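Chemist: Numbering (our numbering), first residue to last: 3 to 94. A virtual CB, placed ideally from N, CA and C, is assigned to each residue, including glycine. None of the values given here were measured: they were computed from a predicted structure.
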Amino acid sequence: MMLLMSATNAQTLRDPTLPSQGFLAVKALDDNQALVLNSIVNGQHSYAIINNIILSVGDAVNGSGLRVSKISKDYVTLSDGRKLQLFQSITE
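1. What residue range does the beta strand (DSSP E) around Gln87 cover?
2. I need the DSSP call for Thr79, collapsed to helix, strand or coil.
3. Taking just the CA atoms, how far does Val59 sit from Lys75?
4. Which residues does DSSP pair with Arg69 in a beta bridge?
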């Protein structure tokens, strides 16, 4: 009887290795990992997709310490002045 009761309690225990609910893990960028501008969406509000994360002006770029300063038709300007272009010129 006691064994049956302890088996029932074990089913309700949560795995302690899982992050708590509402916890968001943020992975910092490695020094050699580049920021990649995947796409730009222009409309009433502009959005940029950098390293597969949707960002708008003022948002922090995940793990880089940078923020999105401006979103243009073909490029995104970061807080350090760097521009991420959607398409690189072949003739450079």
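Modeler: Let me spell this out:
1. Reading the sequence shown from its first residue, position 85 is the one you call residue 87. Run containing Gln87: Lys85 to Gln87, per the beta strand (DSSP E) assignment.
2. Translated into the one-based positions of the sequence shown, residue 79 becomes position 77. If DSSP states are grouped into helix, strand and coil, Thr79 belongs with the strands.
3. Sequence index remark: in the sequence shown, residue 75 carries index 73 (1-based). Sequence index remark: in the sequence shown, residue 59 carries index 57 (1-based). Taking the straight line from one Cα to the other gives about 13 Å.
4. Residue 69 sits at position 67 when you count from the first residue of the sequence shown. Arg69 pairs with Ala62.
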